[in-house]
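Let me begin by presenting the structure, written as C-alpha cells, before commenting on it.
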Amino acid sequence: MCSVSTPTAPVIFHETPNGRIYLGDSREVLDSFDQTSVDLIMTSPPFGLVRKKDYGNVDAREYLDWFRPFATAFKRILKENGSLVIDIGGAWIPRQPTRSLYHFKLLIMLCEEFGFHLAQEFYWWSPSKLPTPAEWVTVRRIRVKDAVNCVWWLSPTPWPRASNRRVLQPYSQSMKELLRNGYHARKRPSGHDISRKFGRDNGAAIPPNLIALPNTESNSFYLRYCRERGIVPHPARYPSELPEFFIRMLTDAGDLVVDPFAGSCVTGEVCERLHRHWACVELSEDYLKGALGRFAAPPPAPRGANTQGDDSAYYRLPRPGVLWNGTPEDALPADGGQTRVIATEPAKPPATEAEAPCDRQPRLFESGAPYGAEARDQ
Numbered sequence: 061m062c063s064v065s066t067p068t069a070p071v072i073f074h075e076t077p078n079g080r081i082y083l084g085d086s087r088e089v090l091d092s093f094d095q096t097s098v099d100l101i102m103t104s105p106p107f108g109l110v111r112k113k114d115y116g117n118v119d120a121r122e123y124l125d126w127f128r129p130f131a132t133a134f135k136r137i138l139k140e141n142g143s144l145v146i147d148i149g150g151a152w153i154p155r156q157p158t159r160s161l162y163h164f165k166l167l168i169m170l171c172e173e174f175g176f177h178l179a180q181e182f183y184w185w186s187p188s189k190l191p192t193p194a195e196w197v198t199v200r201r202i203r204v205k206d207a208v209n210c211v212w213w214l215s216p217t218p219w220p221r222a223s224n225r226r227v228l229q230p231y232s233q234s235m236k237e238l239l240r241n242g243y244h245a246r247k248r249p250s251g252h253d254i255s256r257k258f259g260r261d262n263g264a265a266i267p268p269n270l271i272a273l274p275n276t277e278s279n280s281f282y283l284r285y286c287r288e289r290g291i292v293p294h295p296a297r298y299p300s301e302l303p304e305f306f307i308r309m310l311t312d313a314g315d316l317v318v319d320p321f322a323g324s325c326v327t328g329e330v331c332e333r334l335h336r337h338w339a340c341v342e343l344s345e346d347y348l349k350g351a352l353g354r355f356a357a358p359p360p361a362p363r364g365a366n367t368q369g370d371d372s373a374y375y376r377l378p379r380p381g382v383l384w385n386g387t388p389e390d391a392l393p394a395d396g397g398q399t400r401v402i403a404t405e406p407a408k409p410p411a412t413e414a415e416a417p418c419d420r421q422p423r424l425f426e427s428g429a430p431y432g433a434e435a436r437d438q
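Following the working numbering, the numbering of the sequence shown begins with 61 at its first residue and continues without gaps.
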C-alpha cells in the first residue's frame with residue numbers, strides 16, 4: 061500500500077526547463093501563485109468514492125466541503141479568460157444500486173457559489189472499463205457497465221480562450237463519400253436548414269464532446285521505470301491523450317498549466333512535450349518517485365497526422381437493438397433486484413409445443429439478503 065505523506069511545507073521535488081513538481085499540500089502551493097496568473101487548471105481530483113482509497117479519497121458526503129478551499133484558490137489564480145477542466149468519476153451509494161450526485165453537486169457549487177461558467181460538459185468513454193460494480197452489473201444484472209467519466213470544462217468567463225481547430229479528427233469513410241458525391245442542401249426533419257457549406261471539405265471534422273480513450277497502459281516507459289525500481293504506480297492515471305486534448309484546445313505554447321492533484325504527473329509530461337509552462341502538485345512522495353520516470357523517457361518519435369480516417373483511428377459502438385430480435389426476455393424482477401438470484405446455468409427460451417419439456421431447469425440460488433458479499437467488495 062502506498063502511503064500518502066504530507067511534508068511540513070511544500071518543496072520542489074523536480075524541475076525541468078518548462079515546469080516544476082511540488083511535493084506537498086496543493087492549497088499551500090496555490091497560495092504562492094500570483095492572482096490571475098494561470099491559463100489552465102487541468103486535473104483529476106480524488107473521486108468521492110464510497111470508501112477511501114490508497115490515493116487519498118474522501119467520502120462523497122464530505123466532498124463538497126473538502127473541495128471548497130481548492131475552488132477558492134482556483135478562482136483566484138485563473139486568468140479571466142482561462143479554463144478549469146476537471147475529470148471526475150461518479151460513485152455508487154453504498155448498499156444500493158443508485159448513483160451519488162456528488163459530481164453534479166460539485167459542478168453546481170462551482171457555478172453558483174464561485175461564479176464559474178460551464179463552457180461545456182465532456183464525457184470520457186473508456187472502452188476498456190471493467191463491468192463494475194459487479195454486484196449490480198454481473199451478479200444481479202440490474203445495471204449496465206459504468207464506463208464514462210464526466211469532464212467539466214469551466215471558466216471565470218463565458219468566453220474562455222479556445223479553438224476546436226486544434227483538436228480536429230479525421231473524416232469518417234461515410235463523410236468522405238458524402239464529400240465525393242456531394243450533399244443536397246435541404247431542411248432536416250429536426251428543422252435545421254443544412255446549406256451547401258455542409259459539403260465543403262475542411263480537411264478534418266470537429267470532434268464531439270464524447271472522448272473515446274481506453275485506459276490500457278501496460279508497458280509504457282513510466283510503468284517499466286516503476287517496475288525496475290520497485291515503485292507502486294499510481295492506480296488512477298488518466299491516459300495522456302485526455303489532458304492533451306484540452307491543453308491543445310485551450311492554451312498556447314508558453315502558457316501556464318497547473319495540476320493540483322498531479323498523481324504521476326501525466327499533465328506535466330504532456331505540457332513539457334507541448335512547450336507549455338506547468339506546475340504539478342502531489343501529496344505522495346511515493347507517487348512522485350514514479351513520476352520522475354515520465355521525464356527520464358526519451359522524447360517520442362514524431363508522428364505524422366492520421367488524416368485517413370481508417371479503422372485504427374476509430375472505436376466502434378454497436379447500435380442499440382443489434383441483439384434485440386430473437387433474444388428471449390426474462391421476466392423483470394418485481395422487487396427491482398433486491399432479492400439476490402444467481403443463475404448457475406444460462407436460462408433457456410420457453411419450450412414450444414413440439415419440444416419435450418426440459419427436465420433440467422436452471423439451478424437458482426436465492427437469498428433474501430439485500431446486499432451480498434460481492435456488493436460489500438465494491
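Cβ coordinates follow ideal geometry from the N, Cα and C atoms, glycine included.
Checklist entry - In three-state terms, what does DSSP make of His74? => result strand
On the three-state DSSP scale, how would you describe Ala416? For Ala416, the predicted model reports a pLDDT of 38, less than 50, meaning its position is unreliable and no value from the coordinates is stated.
- Message: Tell me the DSSP secondary structure of Val89 in three-state form.
- Response: The answer is helix: DSSP assigns Val89 an H, G or I state.
Check your understanding: Buried or exposed: which applies to Tyr347, given that a residue is buried once 16 or more other Cβ atoms fall within 10 Å of its Cβ?
Key -> Around the CB of Tyr347, 16 or more other CB atoms lie within 10 Å, so the residue is classed as buried.
Quiz item: Where DSSP assigns a beta bridge to Thr158, which residues make up the other side?
Solution: None; Thr158 has no bridge partner.
Is DSSP giving Ile137 helix, strand or coil here?
Of the three classes helix, strand and coil, the one that applies to Ile137 here is helix, per DSSP.
| query | How long is the line joining the alpha carbons of Trp185 and Ala69, rounded to whole angstroms? | reply | 38 Å
Gly84 and Val341: beta carbons closer than 8 Å? Between Gly84 and Val341, the gap from beta carbon to beta carbon is short of 8 Å.
Would you call Trp338 buried or exposed, if buried means 16 or more other Cβ atoms sit within 10 Å of its Cβ? buried
Measure the CB-CB distance between Leu228 and Ala265 and report whether it falls below 8 Å.
-> yes
Below 8 Å on the Cβ atoms is my contact criterion, and I expect Pro157 with Trp196 to pass it. Report the Cβ-Cβ distance as a whole number of Å. 4 Å
Let's see if you can read the secondary structure: which residues bound the beta strand (DSSP E) around Gly79?
79–83 is the extent of the beta strand (DSSP E) around Gly79.
Out of Tyr298, Leu238, Phe281, Asn241, state which residue places its alpha-carbon closest to the alpha-carbon of Ile148.
Tyr298
Assuming contact is defined by CB atoms lying nearer than 8 Å, are Phe164 and Leu170 in contact in what I supplied? no
* Does the Cβ-Cβ distance between Gly142 and Ser215 come in under 8 Å? -> Yes, the pair counts as a contact, with Cβ atoms nearer than the cut-off.
Next on the checklist: Less than 7 Å between C-beta atoms, sequence neighbours within five positions excluded: which residues of the same chain meet that for Arg136?
Outcome noted: Gln95
Of all Cβ atoms in chain E, is any one closer than 8 Å to the Cβ of Trp212?
-> Annotation note: the requested chain E is absent from the structure, which comprises a single protein chain.
Quiz prompt | Chain-order list of residues whose beta-carbon lies under 6 Å from that of Gly350 (same chain, five-residue window excluded) | solution = The residues are Cys286, Ile291, Pro293, Ser324.
Expressed to the nearest angstrom, what Euclidean distance is found between the alpha-carbon atoms of Leu302 and Arg308? Taking the straight line joining both Cα atoms gives about 10 Å.
Could you pull out every unbroken beta strand (DSSP E) segment of at least 3 residues lying fully inside the segment 261–297, listed in chain order?
270–272
Item to check | Contact the segment 318–332 vs the segment 352–360: 3+ CB pairs below 8 Å | outcome: yes
### Query
When burial is assigned at 16 or more other CB atoms within 10 Å of the CB, is Trp219 buried or exposed?
By the 10 Å Cβ count, Trp219 comes out exposed.
Original post:
Taking buried to mean at least 16 other C-beta atoms within 10 Å of its own C-beta, is Val89 buried or exposed?
Top reply: buried
Check: Which whole-angstrom value describes the C-beta separation of Phe321 and Val145, a residue pair presumed to lie in contact below a C-beta threshold of 8 Å?
Finding: Taking C-beta atoms under 8 Å as the contact rule, Phe321 and Val145 fail to qualify, at a distance of about 12 Å.
- Query: Taking Glu172 as the reference, which of Ala131, Leu190, Pro268 has the closest Cα?
  - Reply: Ala131
Three-state class that DSSP yields for Leu377 in the structure shown: coil
Below 8 Å between beta carbons: does that hold for Ile168 and Leu138?
The answer is no: Cβ separation not under 8 Å.
Name the two residues that bound the continuous beta strand (DSSP E) containing Leu178.
177–185
Item to check | Helix, strand or coil at Ile307 [DSSP, three-state] | outcome: helix
* Nearest residue (CA-CA) to Leu310, options Glu288, Glu332, Arg336 -> Arg336
For Tyr374, the nearest candidate out of Gly263, Tyr231, Asn241, Ser344 (CA to CA) = It is Tyr231 whose Cα lies nearest to the Cα of Tyr374.
- Query: Among residues of its own chain, excluding the 5 on either side of Phe281, which ones have a beta-carbon nearer than 7 Å to its beta-carbon?
  - Reply: Gly353, Ala357
query: Got a sec, what are the start and stop residues for the alpha helix (DSSP H) Glu345 sits in?
result: Taken as a continuous stretch (DSSP letters only), the alpha helix (DSSP H) holding Glu345 covers 345–356.
*Gln229 - DSSP class collapsed to helix/strand/coil*: If DSSP states are grouped into helix, strand and coil, Gln229 belongs with the strands.
With DSSP collapsed to three states, give me the class of Thr399.
-> DSSP places Thr399 outside both helix and strand once states are collapsed to three, so it counts as coil.
Do Pro191 and Lys205 have their beta-carbon atoms positioned less than 8 Å apart in this structure? Judged by their CB atoms, Lys205 and Pro191 are nearer to each other than the 8 Å cut-off.
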